[in-house]
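Numbering (the working numbering), first residue to last: 590 to 734.
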């Protein structure tokens, strides 16, 4: 049985799981959230992402200082500083994405990056992309228009 066997019945629930009560309960569109009070603090999540990626950028800046391309450590520190403040967040999110991609490329030329390092690069790019589209969040100097 492959994914083509899942046919939607009435446009909303997969036919394959139509008789499964547990699947219907999980799939229920009107199911309430367990902690709806936390939705009031969604803006804090963006600040946590921003602070996390700035901390990772500071650590990356220190580790790049000892490598042959130590000039990237300055860019990591500047990117981390502006992301920490939440100033020009979208611009420095793009700069961070470029830095991470360059770092991935430069590490690949020297030696093959480990699985964990590749995963860290991917997570950093995803966090920076989310900051690019959502903004800096709470406790930032940037103001939305």
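For every residue, glycine included, the Cβ atom is placed at its ideal position computed from N, Cα and C.
- Return the CA-CA distance between residue 622 and residue 639, expressed in angstroms with no decimal places. 25 Å
- Query: Taking just the CA atoms, how far does residue 708 sit from residue 750?
  - Reply: It is not possible to answer for residue 750, since the shown part of the chain is limited to 590 through 734.
- Just to confirm, are residue 717 and residue 669 a CB contact at a threshold of 8 Å? no
- Query: Which residue's Cα is closest to the Cα of residue 719: 648, 706, 641?
  - Reply: 641
- residue 678 and residue 724: beta carbons closer than 8 Å? yes
- Message: By the three-class DSSP mapping on this structure, what secondary structure does residue 678 have?
- Response: helix
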